[in-house]
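Numbering (our numbering), first residue to last: 1 to 281.
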């Protein structure tokens, strides 16, 4: 094989490997962990990772192609701001878990138990909406709703159609994952494209590198989310208390790491100062 034959193959392999490695960056893993923590099926978790990769790919290709074709240079403050957006996303993903922890600590300090103004009725009923029959446990605050009829409590109809609820529940984590992937791609695309420009002078091969890199990122994140979701799925089926603890822990990890990134970028790297420092990575 001559250089003209082996160079594209080497570039493609390099892009695939680095793309899969890129999927394992801490901020990426923490973000998708927070999203897939509530998934109970590995196939659904894998879809979340793939959709994250698609969102990431969209911005990486757009910004990377602009840098390669038009030789655009990313200003230092803009590069920092794009990475700061990732910190904000991580904080938002973990905000619910942090608020729940604060609420729990306040109750413990004040000695206020968690009570409701009215007694609760907890029950479940079987139904199906495209994935086979199954049951959902839920709460009704008004026991008089059933007029003492246990059979009615087990077989009542809800005002919201099950199909509509299921459709929304399925799309919500996918949409969230896509948006998070967009933000992550925007933050990482400048560094990736600058690396391509410095190492691969030919635009065609640089574009090939970017495309294979994005494919590797999608595959890597799909595998990672499936692996991450495995203990969550097992805990959800066998130990609900552990599953809830994992959900809370992943949320708090996202919140804490987001705060760390915000401090690092905003204070240490002087995003809000007069002399910002940005080293793409």
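Heads up, the beta-carbon is just placed ideally off N, CA and C, and yes, glycines get one too.
Remember, it's a predicted structure, so these values are computed and weren't measured experimentally.
In the three-state DSSP reduction, residue 74 falls in the coil class, being neither helix nor strand. Shown here for residue 221: same chain residues with a beta carbon closer than 6 Å to its own, the five before and five after excluded, namely 23, 49, 52, 53 in chain order. Residue 277 carries a coil assignment under DSSP once its states are collapsed to helix, strand and coil. Contact annotation: the region 79-93 touches the region 250-262, with at least three C-beta pairs closer than 8 Å.
Distances from the alpha-carbon of residue 266 to those of 245, 78, 71 put 78 closest. Here residue 269 has 80, 276, 277, 278 as same chain residues with Cβ atoms under 7 Å from its own Cβ, once five neighbours each way along the sequence are excluded. With fewer than 16 other Cβ atoms from the protein chains shown falling within 10 Å of its own Cβ, residue 272 counts as exposed.
For residue 243, the uninterrupted alpha helix (DSSP H) segment begins and ends at 240-263. Our two residues, residue 219 and residue 18, have alpha carbons roughly 12 Å apart in a direct line. Annotation for residue 228: 29, 32, 33, 36, 45 place their beta carbon closer than 8 Å to its own, counting only its chain and skipping 5 residues before and after. Leaving aside the five residues that flank residue 226 on each side, the residues in its chain whose CB is nearer than 6 Å to its CB run, in chain order, 42, 45, 46. Counting every other CB atom within 10 Å of its CB across the protein chains shown gives residue 175 a total below 16, marking it as exposed.
With respect to the 9 Å criterion, residue 249 and residue 55 are not classified as neighbours on the basis of their beta carbons. For the set 82, 251, 208, the Cα lying nearest the Cα of residue 185 is the one of 82. Within 10 angstroms of the beta-carbon of residue 84 lie 16 or more other beta-carbons, which makes it buried. For residue 66, same chain residues with a beta-carbon under 7 Å away, outside a window of 5 residues either side, are 72 in chain order. If you compare the alpha carbons of 38, 178, 207 with that of residue 63, the shortest gap goes to 207.
Contact between residue 13 and residue 214 fails: their C-beta atoms lie close to 15 Å from each other, not under 8 Å.
By the CB criterion at 9 Å, residue 216 and residue 15 fall inside the cutoff. Note that the C-beta distance between residue 233 and residue 40 is below 9 Å. Around the beta-carbon of residue 105, fewer than 16 other beta-carbon atoms lie within 10 Å, marking it exposed. Assigned with DSSP and collapsed to three states, residue 96 falls in helix. Counting other Cβ atoms within 10 Å of its Cβ, residue 231 stays below 16 and is therefore classed as exposed.
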